[in-house]
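Participant: FYI, the numbering for the sequence shown is 411 to 493, going by my numbering. Heads up, the beta-carbon is just placed ideally off N, CA and C, and yes, glycines get one too. Before I ask anything, let me first share the structure, which is written out below as structure tokens.
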Amino acid sequence: MNAYKKVSGYTDEELINILNEAYGKVKIGKLIYPVGQALKERDPLTFRLVAFNLAGKDDCNNLVWVCSQCKHEYDNEDEAENC
Ligand SMILES: [Zn+2]
């Protein structure tokens, strides 16, 4: 079971916007993508980590662990892993 951290209260769309505001656009081959969408599609794990760092900066109390199977949110990693 893989639990992962996320910032409670943010949707993927909001995290994408946070990334786009922080990094703008990225060039992949001949195409230019907004960073948020590109990262989410190509590297979801990094997307979460980077967005988590950006969004979590001022908002440490909103961090939660999420069960990767049922998406239930927990306050600590053990509970989420053993969900
Ligand atoms: Zn679960």
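Decide yes or no for the touch test of the stretch 442-455 against the stretch 412-429: beta carbon pairs closer than 8 Å, at least 3 of them.
Facilitator: The stretch 442-455 is in contact with the stretch 412-429.
Participant: Between R452 and K416, how many whole angstroms is the CB-CB distance? I'm expecting something under 8 Å.
Facilitator: In fact, because the Cβ distance is near 19 Å, the residues do not count as touching under 8 Å.
Participant: Are A432 and V476 closer than 8 Å when you measure CB to CB?
Facilitator: No, the Cβ-Cβ distance between A432 and V476 is not below 8 Å.
Participant: Are there any heavy atoms of ligand 1 lying less than 7 Å away from the beta-carbon of Q447, as far as the coordinates show?
Facilitator: Result no, Cβ not under 7 Å from ligand 1.
Participant: Rounded to the nearest angstrom, what separates F462 and I438 at their Cα positions?
Facilitator: Straight-line Cα distance between these residues: approximately 23 Å.
Participant: Here's a check: name, in chain order, each residue in its chain whose Cβ is nearer than 7 Å to the Cβ of N430, leaving out the five neighbours to either side.
Facilitator: Taken in chain order, the residues that qualify are P444, V445, G446.
Participant: Is V474 near E487, with beta carbons less than 8 Å apart?
Facilitator: Cβ distance not < 8 Å, so V474 and E487 don't count as in contact.
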